[in-house]
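In terms of our numbering, the sequence shown is residues 1220 to 1338.
Even glycine gets a Cβ: it sits at the ideal position worked out from N, Cα and C.
Predicted model, so just to flag it, every value in this text is computed and none were measured.
Have a look at the structure below before the remarks.
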Amino acid sequence: METLRLILLILHILGFAALIGGLLAQVGPGDKKVTGVMRDGVGTAFLAGLLLVGVLEGTDGVTVNHAKIAVKLVIGLVLLVLVMANMRKAKIPNGLWAGLLVLAVADVCVAVLWSPVHS
């Protein structure tokens, strides 16, 4: 179970890295668009996160912070919907691009800062 948890955690982190990397690659002037890397990243992060919670729920002695998971789920779902809804558009508004970046970084911040290690 521990190996599966670690694999899912790595996939979750790599998914967010792909999403944020795809967004940061477009910093500066020029048209912004949703790329395949961003789509695959947000999909991987979302699915791996769901599976990770399932594995943690099934592990003895592990308590899952359901409030934290709910916040991450909502942010992740909004990201997933926005990315998928704008996938085929030739360009997206700068405000949407910035919103996607803020949401992705916020989800990472929730994961890192809302932790028993930091309380």
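Can you check whether the CB of residue j is closer than 8 Å to the CB of residue i?
i	j	result
glycine 1268	lysine 1291	yes
asparagine 1305	leucine 1315	yes
valine 1246	isoleucine 1311	no
glycine 1260	leucine 1238	yes
The alpha helix (DSSP H) spanning residue i covers which residue range?
i	result
methionine 1257	1255–1276
lysine 1291	1285–1304
tryptophan 1316	1313–1332
threonine 1222	1221–1243
Rounded to whole angstroms, what's the CA-CA distance from residue i to residue j? Just pull it up for me.
i	j	result
threonine 1278	leucine 1266	19 Å
glycine 1240	methionine 1257	8 Å
methionine 1303	aspartate 1250	18 Å
valine 1336	aspartate 1326	17 Å
alanine 1236	glycine 1295	14 Å
valine 1281	glycine 1234	24 Å
Please return the same chain residues whose Cβ sits closer than 8 Å to the Cβ of residue i, not counting the five positions on each side in sequence.
i	result
valine 1231	Going by the sequence as given, residue 1231 is histidine instead of valine. Around histidine 1231: Thr1263, Ala1264, Ala1267, Gly1268, Leu1271.
valine 1297	Leu1322
valine 1300	none
Could you pull out every residue in the same chain whose Cβ sits closer than 7 Å to the Cβ of residue i, ignoring the five residues on either side in sequence?
i	result
leucine 1227	Ala1267, Leu1270, Leu1271, Val1274
For residue i, list the residues DSSP reports as bridge partners.
i	result
lysine 1251	Ile1311
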